[in-house]
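Down below is the structure, laid out as structure tokens.
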Amino acid sequence: MAEITTLAEAVAALVHDGDSVALEGFTHLIPFAAGHELLRQERRELELIRMTPDILYDQMIGVGAARKLVFSYAGNPGVGSLHRLRDAIENGWPRPLELEEHSHAGMANRYAAGAAHLPFAVMRGYRGTDLMERTRVAPITCPFSGEELVAVPALRPDVAIVHAQEADRHGNVQLWGIPGVQKEAVLAASRSLVTVERIVEALEPRPGGVVIPGWVIDCVAEAPGGSQPSYSLGITERDNDFYRFWDTVSRDRDAFLAWMDANVLAGAAAR
Amino acid sequence: MSVTTDAPATADEVQIVVAARRLREARSVFIGVGRPSTAAILARMVHNPELVLVYESGTIGAKPFQVPLSIGDGELAETADTVVSVPEMFNYWIGAGRIQVAFLGAAQIDRHANLNSTVIGDYDAPRTRLPGAGGAPEIATGCEEVVVIAPHSRRTFVERLDFLTTTGARTTHVITDLGVLEPRDGELTLTAVHPGVSAERAREQTGWPLGVADELAVTPEPTDPELRALRELVARG
Chain A
46 MAEITTLAEA
56 VAALVHDGDS
66 VALEGFTHLI
76 PFAAGHELLR
86 QERRELELIR
96 MTPDILYDQM
106 IGVGAARKLV
116 FSYAGNPGVG
126 SLHRLRDAIE
136 NGWPRPLELE
146 EHSHAGMANR
156 YAAGAAHLPF
166 AVMRGYRGTD
176 LMERTRVAPI
186 TCPFSGEELV
196 AVPALRPDVA
206 IVHAQEADRH
216 GNVQLWGIPG
226 VQKEAVLAAS
236 RSLVTVERIV
246 EALEPRPGGV
256 VIPGWVIDCV
266 AEAPGGSQPS
276 YSLGITERDN
286 DFYRFWDTVS
296 RDRDAFLAWM
306 DANVLAGAAA
316 R
Chain B
10 MSVTTDAPAT
20 ADEVQIVVAA
30 RRLREARSVF
40 IGVGRPSTAA
50 ILARMVHNPE
60 LVLVYESGTI
70 GAKPFQVPLS
80 IGDGELAETA
90 DTVVSVPEMF
100 NYWIGAGRIQ
110 VAFLGAAQID
120 RHANLNSTVI
130 GDYDAPRTRL
140 PGAGGAPEIA
150 TGCEEVVVIA
160 PHSRRTFVER
170 LDFLTTTGAR
180 TTHVITDLGV
190 LEPRDGELTL
200 TAVHPGVSAE
210 RAREQTGWPL
220 GVADELAVTP
230 EPTDPELRAL
240 RELVARG
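This is the structure we're talking about:
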């Protein structure tokens, strides 16, 4: 049964230095508040996992919280590059970043295998590309048809952190709109934290709603607006201007650090 | 919204209009953000109202009225026929071959229509780190037909890719701001130029000795309704 707690208590209990952590969200429901809490609590040496690292991971990498990134597409969606991520890869600033990259299909299948507690997933793909040599995949032959396929290893993060619209008082969670790979991430991980816009008396069924039962979640924490500048469908709107603004502020190391101090890390000293 | 079609179409507008025309008969198209998205939305508005727009965020049958900034904008989810998870999108829909056409972009393309969206320079010490594969490798092998939309320059059209992210075997057309390339005997060949563009200019902007088709076509000018719809669409975004 999920424990309903504060975000600060949940992060302190579930995330340790050196953990592999998947803060998932596919353009929607990105757990910004939880990621910022990790930074305020100064978690370091993290292996960050996410299909689509965007601004949140740019911030986490830019302050030096990550030693490794496992991903499939790293960009500021619709805007351009992630400048802090590129500075880490191209110049090793503020520290070098180890990379393990896949295609989206590869990452999605890795999460699905992790959720199923299987060692690997089978798919078509990767063949004929240079990714084959650069990442963790292996050719495999179908034992029934003889078809040549590719195996990708399961993803089993230490911790999965996702954001949803609602939870009830038992910690049952419901998210709707673009569901991404959040359910798979929670089921694949050893520990899990779900932040929600609001805690309600009873979940109301929604079209396309994905319900994750509280008994597979460790902690649920209320974090209103916790996916901003991304959005929680029906509750908050995507702040497209912020995505464009980030392109400017993140280009310069000093401007970036000053912005992080003022807007993300400022709460740390007061705690 | 008042826009005019007094000013002649720019090269970028012609590129989008030509890409939209490719979808006249299509059942479904898989699209990313930027120009491919603009072209597909335009196609649905002007040529093919039944066209199913599929974004990798999981929205199938999205009906956007504006060009979305990201592939996961709320309007896409709210107007879609169905919204599916990422594993379902790649396994049941793309991998199973249910999406007919794919529109892809890339930082580099070679004469076999192979694409690079991973790095410029050496992989371990890149000059420019690009976003990475995303959905492209499996989209390019799962969809029946791939259309690449790219700016025509030597930076993009290269003799040799720095990294092969996505294979070009299913690419039928490459639509640039100068013309259209199609594979002939396994090599991209210039088959059409846009109005006012010479084959020589396209050759100059290509990093390999670009072959030119004997029956080189000239793209029909954007019509008034096409240009008006495109300018209204862009003005809304």
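Those protein sequences? They're chains A and B, same order as listed.
Numbering of the first sequence is given in the working numbering, commencing with residue 46 and proceeding in unit increments.
Numbering of the second sequence is given in the working numbering, commencing with residue 10 and proceeding in unit increments.
Idealized CB from N, CA, C, for every residue including glycine.
Since this is a predicted model, take the numbers as computed values, not measurements.
To the nearest angstrom, how far is the alpha carbon of residue i from that of residue j?
| i | j | result |
| --- | --- | --- |
| A/His61 | B/Ala29 | 50 angstroms |
| B/Trp217 | A/Glu282 | 46 angstroms |
| A/His149 | A/Ala119 | 11 angstroms |
| B/Glu154 | B/Val63 | 14 angstroms |
| B/Arg179 | B/Arg169 | 19 angstroms |
| A/Val255 | B/Glu224 | 55 angstroms |
| B/Pro234 | A/Asp299 | 49 angstroms |
| A/Asp286 | A/Tyr276 | 13 angstroms |
| B/Thr228 | B/Ala86 | 35 angstroms |
| A/Ser190 | A/Ile257 | 36 angstroms |
| A/Leu84 | A/Ala111 | 11 angstroms |
| B/Val206 | B/Leu197 | 18 angstroms |
| A/Thr97 | B/Gly114 | 17 angstroms |
| B/Val248 | B/Arg212 | Chain B is shown from 10 up to 246; residue 248 of chain B falls before or after that span and cannot be answered. |
| A/Val218 | A/Ile100 | 25 angstroms |
| A/Phe77 | A/Gly225 | 16 angstroms |
| A/Tyr171 | A/Pro274 | 33 angstroms |
| A/Cys264 | B/Gly151 | 39 angstroms |
| B/Ile108 | B/Trp102 | 7 angstroms |
| A/Ala315 | A/Ile244 | The pLDDT assigned to A/Ala315 is 42, lower than 50, so where the model puts this residue is not dependable; a value taken from the coordinates is nonetheless given after this. Their Cα atoms are separated by approximately 26 angstroms. |
| A/Ala307 | A/Asp284 | 19 angstroms |
| A/Trp138 | A/Leu127 | 13 angstroms |
| A/Ala160 | A/Gly259 | 16 angstroms |
| B/Thr232 | B/Thr176 | 34 angstroms |
What span of residues does the beta strand (DSSP E) with residue i cover, start to end?
| i | result |
| --- | --- |
| B/His182 | Thr180 to Ile184 |
| A/Ile77 | The amino acid at residue 77 of chain A is misidentified as Ile; the sequence shows Phe. Premise fails: A/Phe77 lies in the alpha helix (DSSP H), Phe77 to Arg85, not in any beta strand (DSSP E). |
| B/Gly130 | Val128 to Gly130 |
| A/Met168 | Phe165 to Met168 |
| A/His208 | Val204 to Asp213 |
| A/Lys228 | Run containing A/Lys228: none in the beta strand (DSSP E); it sits in the alpha helix (DSSP H), Gln227 to Ala233. |
| B/Tyr64 | Val61 to Tyr64 |
| B/Arg193 | Gly188 to Arg193 |
Going by the CB atoms, is the gap between residue j and residue i shorter than 8 angstroms?
| i | j | result |
| --- | --- | --- |
| B/Val157 | B/Val183 | yes |
| B/Leu173 | A/Thr174 | yes |
| A/Ala58 | A/Ile94 | no |
| A/Glu242 | A/Glu211 | yes |
| B/Ser79 | A/Thr72 | yes |
| B/Ala71 | B/Thr88 | yes |
| B/Ala49 | B/His203 | no |
| A/Glu246 | B/Ala142 | no |
| B/Phe74 | B/Arg245 | yes |
| B/Asp171 | B/Ile129 | yes |
| B/Arg44 | B/Ile25 | yes |
| B/Pro96 | A/Ala157 | yes |
Could you tell me the boundaries of the alpha helix (DSSP H) in which residue i lies?
| i | result |
| --- | --- |
| B/Arg44 | Arg44 to Val55 |
| A/Arg129 | His128 to Asn136 |
| B/Thr150 | Ala145 to Gly151 |
| A/Ala58 | Leu52 to Leu59 |
| A/Gln13 | Past the edges of chain A, shown from 46 to 316, lies residue 13 of chain A, and the structure says nothing about it. |
| A/Gly107 | Ile100 to Gly107 |
Can you pull the chain E residues whose beta carbon is under 9 angstroms from the beta carbon of residue i, in chain order?
| i | result |
| --- | --- |
| B/Ala122 | Absent here is chain E; the protein component of the structure consists of chains A and B. |
Quiz item: Are there three or more Cβ pairs, one per stretch, closer than 8 angstroms when the region 12–22 of chain B is compared with the region 32–39 of chain B?
Solution: These segments do not touch.
Quiz prompt | Validate contact between the region 219–234 of chain A and the region 200–207 of chain A using beta carbons, cut 8 angstroms, 3 pairs | solution = Touching, yes.
Practice problem: Would you list, in chain order, the members of the region 210–230 of chain A that have their beta-carbon closer than 8 angstroms to a beta-carbon of chain B? | Solution: For the region 210–230 of chain A, the residues whose beta carbon sits under 8 angstroms from a beta carbon of chain B are, in order, Gly222, Ile223, Pro224, Gly225, Val226, Lys228 and Glu229.
Exercise. With 8 angstroms as the C-beta to C-beta threshold (strictly closer), list the residues of the region 278–292 of chain A near chain B in chain order.
Key: Hits within the stretch, in order: Leu278, Glu282, Arg283, Asn285 and Tyr288.
Practice problem: Could you name the residues of the region 66–83 of chain B whose beta carbon sits closer than 8 angstroms to any beta carbon of chain A, in the order they occur along the chain? | Solution: Within the region 66–83 of chain B, the residues whose Cβ lies closer than 8 angstroms to some Cβ of chain A are Ser66, Gly67, Thr68, Pro77, Leu78, Ser79, Ile80, Gly81, Asp82 and Gly83, listed in chain order.
Quiz prompt | Residues in the region 26–52 of chain B having any Cβ partner in chain A nearer than 8 angstroms | solution = Here the close residues are Val42 and Gly43.
Quiz item: Relative to chain B, which residues along the region 171–192 of chain A have a C-beta separation below 9 angstroms, given in chain order?
Solution: Cβ contacts with chain B come from Tyr171, Arg172, Gly173, Thr174, Asp175, Leu176 and Arg179.
Self-check item: Contact residues within the region 168–184 of chain B, judged by C-beta distance below 7 angstroms to chain A
Solution: Within the region 168–184 of chain B, the qualifying residues are Phe172, Leu173, Thr174, Thr175 and Thr176.
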